[in-house]
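A.B. asks:
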Amino acid sequence: MLNLVIFGPPGAGKGTQSQRVIDQFGLIHLSTGDMLRAEMASGSELGDQVKSIIAAGQLVRDEIVIALIAKRLDAHAEAPGFIFDGFPRTVAQAEALDHLLTEKHTSITGMISLVVPEEELVTRLVKRGEESGRSDDNEETIRKRIVEYNEKTLPVATYYQGQGKLYEIEGVGSIEEIGDRIAKVLKAFQAQ
Ligand code: ADP
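Everything in the sequence shown is counted per my numbering, starting at 13 for the first residue and increasing by one.
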């Protein structure tokens, strides 16, 4: 199996680049942000529970997102692999994911970390907010999400680095240029 984590701060382009990898490798895309937005849109109890947390730019509780991921892993038992997008966002989530994958006799192949300077992120997300109307894409909340990222999520990169699985990619350039940089790393995985 090819199991990838696509990693980076809010606005780094994880969703965009995931789509290219899915098209190329037929992986199942597991985005906790998309799952949580779907819960909010459906008006489920869980959706109502997380709404104010997301709008405030904070992280949803680990148990909630781990349960969402566990359910999807079970639902796609025959998948050729997964691309995890926006998850794991804490070291506790990374440990839980390792555990879930071990139970399925597989593991994370590598983490693709998109590196983008903070001011570029804010510019991109403010623009996305104007187009999409996402409740958390306004400058005040964006800054809070970046603080959350630096405090709680960056240690996840160190976690995978400790396993020799961290691949940093320059995340500034055209969508194609960045996609080509990622494709090079993935080719190396396939050759392994
Ligand atoms: P972005 O990467 O642009 O911040 P996402 O769509 O991945 O956007 O996430 C949006 C929000 O959903 C996050 O700010 C957070 O509140 C919540 N969220 C998504 N994934 C997780 C996760 N793995 N753990 C905790 N909260 C999450």
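We treat Cβ as the ideally placed atom computed from N, Cα and C, and that holds for glycine. Only a predicted model underlies this, so the values are computations on that prediction, with no experimental measurement involved.
Closest to Pro22 by CA distance: which of Glu152, Gly98, Leu58 is it?
C.D. replies: When only C-alpha atoms are compared, the closest one is Gly98.
A.B. asks: For Val62 versus Val72, is the C-beta spacing smaller than 7 Å?
C.D. replies: Yes, these two residues count as a Cβ contact at 7 Å.
A.B. asks: Using only the heavy atoms of ligand 1, determine whether one of them is closer than 6 Å to the beta carbon of Arg140.
C.D. replies: no
A.B. asks: From Leu80 to Ser186, what does the alpha carbon distance come to, in whole angstroms?
C.D. replies: 32 Å
A.B. asks: Closest by CA to Arg146, which one among Ile18, Ser64, Glu57, Leu85?
C.D. replies: Ser64
A.B. asks: Alpha carbon to alpha carbon, what distance is there between Thr121 and Tyr171?
C.D. replies: 14 Å
A.B. asks: Between Leu178 and the rest of its own chain, which residues show a CB-CB distance below 7 Å, the 5 nearest in sequence each way excluded?
C.D. replies: Met123, Ser125, Ala169, Tyr172
A.B. asks: When DSSP labels each residue in this structure, what does Asp35 get in the three-state scheme?
C.D. replies: helix
A.B. asks: In the DSSP assignment, find the unbroken alpha helix (DSSP H) run with Leu80 in it and report its ends.
C.D. replies: Residues 74-87.
A.B. asks: Give every residue of the same chain whose Cβ lies closer than 7 Å to the Cβ of Arg157, excluding the five residues on either side of it in the sequence, and list them in chain order.
C.D. replies: Pro22, Gly69, Asp148
A.B. asks: Say yes only if the C-beta of Arg33 is nearer than 6 Å to one or more non-hydrogen atoms of ligand 1, and no if none qualify.
C.D. replies: The question names Arg, yet the displayed sequence has Val at residue 33. For Val33, the shortest separation between its Cβ and any heavy atom of ligand 1 does not lie below 6 Å.
A.B. asks: If we call anything under 7 Å between Cβ atoms a contact, is Met13 one with Gly141?
C.D. replies: no
A.B. asks: Could you check if Lys26 is buried or exposed, using at least 16 other CB atoms within 10 Å of its CB as the buried criterion?
C.D. replies: buried
A.B. asks: When every heavy atom of ligand 1 is checked, does at least one fall within less than 6 Å of the C-beta of Phe19?
C.D. replies: No; taking the cut-off as 6 Å, the Cβ of Phe19 has no heavy atom of ligand 1 nearer than that.
A.B. asks: Would you say the beta carbon of Leu166 is closer than 6 Å to some non-hydrogen atom of ligand 1?
C.D. replies: no
A.B. asks: On a CA-only basis, which of Glu163, Met52, Glu182, Glu160 is nearest Gln29? Give me that one, please.
C.D. replies: The residue from Glu163, Met52, Glu182, Glu160 with its alpha-carbon nearest to that of Gln29 is Glu182.
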